[in-house]
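Visitor:
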Amino acid sequence: MLDLSRRLLAGTALLACLPTMAQAQAADTLAITDVAAEAGGSDIVVLGFGQARQVQTLSNADITRLTPGTTAIKAISKLPGVNYQAADAFGAYEWSSRITLRGFNQNQLGFTLDGVPLGDMSYGNSNGLHISRAIISENTGGASVAQGSGALGTASTSNLGGTIEFTSVKPGDVFALVGSATYGSDATYRGFVRLESGDVTGNGLKGYLSYAYLKTDKWKGYGEQKQHQVNAKIVQDVGDRGSITAFFNFSDRREQDYQDLSLDLIDRLGYDNDNISNDFPLALQLAKIYANQNAGAGARPYPSLGTVFPAPYKTVDDVYFDAGGLRRDYLAGATFDGQLTEHLSLKLTGYYHDNHGQGVWYLPYTPTPGGAAISVRTTEYDIRRGGALGHIAYEAGANRLEIGGWYESNDFENARRFYGLADQATPSLPTLQYKKNPFFTQFDAKFDTQTMMYYVADKLALGDLTLSGGWNGYKVTNDATKIVGTLASGRIEAKDWFLPQAGALYRIGDSTEVFASFTQNMRAFTSAAVGGSPFATTQAGLDLIRSTLKPERSDTYEGGARFRMNGFQGSIAGYYVDFTNRLLSLPNGTGGAGNPTTLQNVGAVRNYGVEFTALYKVMPALSLLGSYSYNRSEYRDDVISAAFGSVGQIAIATKGKTVPDSPKHLLKGEIVYDDGMFLARVGADYMSKRYFSFLNDVSVKGRVIVDATIGYTFGDGALKGFAIEGSVTNLTDKKYVSTIGSNGFGASGDNQTLLAGAPRQVFVTVRHGF
4 MLDLSRRLLA
14 GTALLACLPT
24 MAQAQAADTL
34 AITDVAAEAG
44 GSDIVVLGFG
54 QARQVQTLSN
64 ADITRLTPGT
74 TAIKAISKLP
84 GVNYQAADAF
94 GAYEWSSRIT
104 LRGFNQNQLG
114 FTLDGVPLGD
124 MSYGNSNGLH
134 ISRAIISENT
144 GGASVAQGSG
154 ALGTASTSNL
164 GGTIEFTSVK
174 PGDVFALVGS
184 ATYGSDATYR
194 GFVRLESGDV
204 TGNGLKGYLS
214 YAYLKTDKWK
224 GYGEQKQHQV
234 NAKIVQDVGD
244 RGSITAFFNF
254 SDRREQDYQD
264 LSLDLIDRLG
274 YDNDNISNDF
284 PLALQLAKIY
294 ANQNAGAGAR
304 PYPSLGTVFP
314 APYKTVDDVY
324 FDAGGLRRDY
334 LAGATFDGQL
344 TEHLSLKLTG
354 YYHDNHGQGV
364 WYLPYTPTPG
374 GAAISVRTTE
384 YDIRRGGALG
394 HIAYEAGANR
404 LEIGGWYESN
414 DFENARRFYG
424 LADQATPSLP
434 TLQYKKNPFF
444 TQFDAKFDTQ
454 TMMYYVADKL
464 ALGDLTLSGG
474 WNGYKVTNDA
484 TKIVGTLASG
494 RIEAKDWFLP
504 QAGALYRIGD
514 STEVFASFTQ
524 NMRAFTSAAV
534 GGSPFATTQA
544 GLDLIRSTLK
554 PERSDTYEGG
564 ARFRMNGFQG
574 SIAGYYVDFT
584 NRLLSLPNGT
594 GGAGNPTTLQ
604 NVGAVRNYGV
614 EFTALYKVMP
624 ALSLLGSYSY
634 NRSEYRDDVI
644 SAAFGSVGQI
654 AIATKGKTVP
664 DSPKHLLKGE
674 IVYDDGMFLA
684 RVGADYMSKR
694 YFSFLNDVSV
704 KGRVIVDATI
714 GYTFGDGALK
724 GFAIEGSVTN
734 LTDKKYVSTI
744 GSNGFGASGD
754 NQTLLAGAPR
764 QVFVTVRHGF
């Protein structure tokens with residue numbers, strides 16, 4: 004097997020010879036900064052005029068109106084079709100962070116930063132990282148959401164139901180020092196500083212170096228969440244012909260988890276039930292009673308404790324001692340973006356990502372040999388991936404032709420290990436430190452994933468009518484090598500060299516346009532020892548499904564209209580999605596049990612719905628935003644037993660049922676007043692009922708969440724340029740379930756897979772320079 008450096012050199016050489024290897028922006032997609040400028044620079048952009056599909060964009064100004072440190076992915080939750088969930092105020096707590104679009108869950112979406120792939124941003128990501136680690140929120144230039152399908156060149160192999168593309172801010176032209184400091188509820192401290200070099204040579208060499216720190220106590224239970232981040236970026240203009248850009252981003256995030264809940268736990272113990280990380284003796288007592296229950300009469304190792312849990316606990320899974328997530332990331336890359344001739348342009352990007360992480364869980368199922376009745380179970384992640392992407396475009400007259408592609412090599416190692424604890428009053432291993440010297444390795448596997456993608460996109464302007472179309476194709480080869488354990492080894496491949504896309508846009512005067520599009524997409528298999536991967540099962544399980552397993556596919560039909568006049572913008576979009584070869588990964592037991600999953604193709608899903616959006620600028624400083632979405636996602640087939648037992652027998656009667664975590668109704672609204680000095684913002688978000696079982700027999704009710712911000716920027720005097728802001732999340736202090744599916748979805752019945760939303764929290768920020 005070639006090592007990673009040789010693969011990267013080979014990929015770069017291929018790019019040099021074939022500049023058709025490409026970047027993640029198709030011909031019919033405006034750059035985020037261009038769209039923002041079209042709408043007035045600092046405005047929220049929600050409509051994406053000029054697009055042949057539903058594309059909406061937020062600017063940096065809108066992202067920075069939220070509490071500093073809030074992930075950009077939370078900012079886009081105001082857009083139609085976006086179902087966003089998190090158990091913390093910042094949306095950065097990854098175990099709880101979830102986003103779905105039009106019924107497609109997070110691992111069926113595509114995410115990029117400046118074109119660089121972020122994978123599917125799921126927890127325990129095997130091929131990328133979350134945006135909250137990839138970039139500091141203040142350095143996010145914009146976020147563009149394609150609710151139905153991404154551009155042809157988007158560097159993603161999980162883009163079934165849409166893409167979210169982030170950009171970073173560009174370095175400023177003048178020397179500047181900008182920063183902010185935030186303090187708030189639950190001992191939250193957050194600081195940010197960015198040093199802008201300005202144009203240091205007079206010929207376009209400029210850059211910035213920035214640092215951010217966040218530390219907050221959990222809003223319930225005991226523990227903390229903290230993060231260090233560094234972003235650096237440098238740009239050199241190449242005359243008026245283009246630029247060369249290089250960036251380096253670092254993140255070290257360590258967070259203690261909140262307890263996963265069920266409806267039963269909420270009823271018995273309340274929304275505030277959490278890990279007992281302040282009471283190690285109680286955790287040991289519960290684990291010892293559990294050991295007694297499983298030992299049987301006459302063989303109980305702790306006879307004095309009996310077999311009955313102390314009130315209010317009824318099972319060993321009612322509460323755990325502690326859990327946490329540790330992630331350290333390095334992301335770097337360089338881009339050449341140039342106008343080679345009057346008609347020919349070229350963009351090339353190379354990138355590298357290194358990640359080391361541990362998901363930590365203190366569990367009673369495996370006692371420490373000769374020590375405590377519990378041990379520390381980790382799921383460990385090590386990613387070393389690199390790639391190259393780019394495009395070459397020819398534009399003359401009414402036609403623009405773009406050809407491009409993407410290559411990535413990803414070496415990923417996934418392991419589950421157990422670390423010992425002493426039988427004493429306090430834990431001998433701190434949660435937020437990386438663990439060493441395990442006493443047992445349950446599994447350790449290496450995965451080599453090779454991705455090759457190309458695309459062709461053409462755009463033709465015929466007066467008021469613009470036609471766009473093309474296709475992409477890719478092959479993803481997944482190789483698994485078992486090092487320790489009984490999980491599967493082998494190879495599986497997803498390949499389709501022709502996935503078409505077509506669209507049309509017709510302008511009616513200066514104020515109205517209608518659009519329609521069709522897109523076909525495929526989702527490649529993932530390489531991991533956990534989750535919905537073909538390898539997260541036994542060798543016998545993989546051998547049973549490998550010859551018949553098919554990649555998921557979607558055909559998306561979309562149409563709509565946009566209108567703007569006298570400060571008002573409005574849009575309506577309707578869609579129909581035929582989703583086939585659906586993969587179902589059923590968890591076996593509780594999340595902590597760590598049993599292999601069961602994966603199989605189980606038929607089709609039909610998604611259809613409509614989205615309305617309206618933005619009205621009452622006056623230059625006052626704007627109103629509202630959006631409504633109706634989505635219906637339903638299974639078209641029952642799950643027929645293949646891997647579960649007798650062939651041809653219905654295992655789960657899902658036909659006609661609603662897909663879990665796909666609310667039918669989303670209603671969002673926002674009022675913003677911002678005259679450059681005084682800022683006031685109030686936003687409300689309604690989400691209807693969500694099911695969290697495939698048979699729809701359990702659900703969480705709908706909720707309305709309100710956030711608000713108020714601030715003042717000093718325009719003169721000694722404080723000129725300084726601003727003070729106050730922000731409140733969950734203004735009405737609503738008790739509700741935010742995240743569902745933290746431990747997956749079961750066929751039926753209650754499941755410990757829910758996370759409570761954060762209560763009302765208040766933050767105060769002093770900032771300067773932005």
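To convert, take the position in the sequence shown, counting from 1, and add 3; that gives my numbering.
We put the CB at the ideal spot given by N, CA and C, even for glycine.
#1: Using the beta-carbon count (16 or more within 10 Å), is K209 buried or exposed?
#2: Measuring only the C-alpha atoms, how far is K692 from E637?
#3: Closer than 7 Å to a non-hydrogen atom of the ligand MG - does that hold for the CB of R193?
#4: Within the continuous alpha helix (DSSP H) that includes F283, where are the two ends?
#5: Check E345 in the structure and name its three-state DSSP category.
#6: Do the segment 329-342 and the segment 369-380 make contact, defined as three or more Cβ pairs closer than 8 Å?
#7: Does the Cβ of V675 have 16 or more other Cβ atoms within 10 Å, making it buried, or fewer, making it exposed?
#8: Have a look at P433, A95, F615 and flag the residue whose alpha-carbon is nearest the alpha-carbon of Q232.
#9: Grab the span of the alpha helix (DSSP H) containing A137 for me, first residue to last.
#10: Give the straight-line distance between the Cα atoms of R257 and V487, rounded to the nearest whole angstrom.
#11: For the segment 430-440 and the segment 288-299, state whether three or more C-beta atom pairs, one from each stretch, are separated by less than 8 Å.
#12: Are S741 and Q109 close, meaning C-beta to C-beta below 8 Å?
#13: Decide if T768 is buried, meaning its Cβ has at least 16 other Cβ atoms within 10 Å, or exposed.
#14: Please tell me whether E199 and G175 are closer than 8 Å, where the distance is taken between their beta carbons.
#15: Pair every Cβ in the segment 116-130 with every Cβ in the segment 348-364, then say whether three or more of these pairs are closer than 8 Å.
#16: Take T1 and list the residues in its own chain whose beta-carbon comes closer than 6 Å to its own, dropping the five residues that flank it on each side.
#17: When DSSP builds the beta bridges, which residues end up paired with M680?
#18: Leaving out five residues on either side along the sequence, give the residues of the same chain with a beta carbon under 8 Å from the beta carbon of A235.
#19: Give the secondary structure of N475 by DSSP, where H, G and I count as helix, E and B as strand, and everything else as coil.
#20: Check the DSSP bridge columns for Y214 and list the partner residues they point to.
#21: Quick one: give me the first and last residue of the alpha helix (DSSP H) that D426 is part of.
#22: Decide if the segment 343-350 is in contact with the segment 440-457; the criterion is three or more beta carbon pairs, one per stretch, under 8 Å apart.
#23: For F615 versus I655, is the C-beta spacing smaller than 8 Å?
#24: Pull up the CB-CB distance for Q111 and S161, whole angstroms please, since I reckon it's below 8 Å.
#25: The beta strand (DSSP E) that contains A519, what's its start and end?
#26: CB-CB under 6 Å to T369, same chain, minus the five flanking residues each way: which ones, in chain order?
#27: Where do the N-terminal and C-terminal ends of the alpha helix (DSSP H) with G544 fall, by residue?
#28: For A75 and T143, what's the separation of their Cα atoms in angstroms?
#29: Rounded to whole angstroms, what's the CA-CA distance from A34 to L547? Just pull it up for me.
#30: Kindly list the residues whose CB is nearer than 8 Å to the CB of T15, restricted to its own chain and excluding five residues on each side of it in sequence; keep chain order.
#31: In angstroms, rounded to a whole number, what distance separates the CA positions of Y226 and Q259?
#32: On a Cα-Cα basis, can you pick out the residue from K498, Y694, A92, Y689 that is closest to R1?
#33: Considering only the alpha carbon of each residue, which of K462, S702, D736 lies closest to G400?
#34: Give me, in chain order, the residues of the same chain whose beta-carbon lies closer than 6 Å to that of L682; leave out the 5 immediate sequence neighbours on both sides.
#35: Does DSSP classify D120 as helix, strand or coil?
#36: What's the C-alpha gap between G51 and Q523?
Guide: In brief:
#1: buried
#2: The alpha-carbon atoms of K692 and E637 are separated by roughly 15 Å.
#3: The ligand MG is not among the ligands present in this structure, which contains no ligands whatsoever.
#4: DSSP places F283 in the uninterrupted alpha helix (DSSP H) bounded by 283-298.
#5: coil
#6: no
#7: buried
#8: The residue with the shortest Cα to Cα distance from Q232 is A95.
#9: 134-137
#10: C-alpha separation (whole angstroms): 27 Å.
#11: As far as the Cβ criterion goes, the segment 430-440 does not touch the segment 288-299, which means the pair count is below three.
#12: no
#13: buried
#14: yes
#15: yes
#16: Residue 1 lies beyond the stretch modelled for the chain, which goes from 4 to 773, so this question has no answer here.
#17: Looking at the DSSP output, M680 bridges to nothing.
#18: G210, Y211, L212, S213, F250, F251, N252
#19: N475 sits in a strand when the DSSP states are folded into three classes.
#20: Its beta-bridge partners are V196, V233.
#21: Here D426 belongs to no alpha helix (DSSP H), and DSSP marks it neither H nor E.
#22: Not touching, per the Cβ criterion.
#23: Contact annotation: F615 and I655 have beta-carbon atoms that are not nearer than 8 Å.
#24: 6 Å
#25: 515-526
#26: Excluding sequence neighbours, T369 sits near S378, F421.
#27: 542-548
#28: Take the alpha-carbon of A75 and the one of T143: they are about 7 Å apart.
#29: Only weak support exists for where A34 lies, its pLDDT of 38 falling under 50; the value from the coordinates is given anyway. Distance between the alpha carbons of A34 and L547 is about 46 Å.
#30: Its pLDDT being 35, under 50, T15 is placed unreliably in this model, and the value from its coordinates should be taken loosely. G353, A391.
#31: Per the sequence shown, the amino acid found at residue 226 is Gly instead of Tyr. Each residue's alpha carbon lies about 6 Å from the other.
#32: Any question about residue 1 goes unanswered here, given that the chain covers just 4 to 773.
#33: K462
#34: G714
#35: The displayed chain sequence assigns Pro, not Asp, to residue 120. The answer is strand: DSSP assigns P120 an E or B state.
#36: 21 Å
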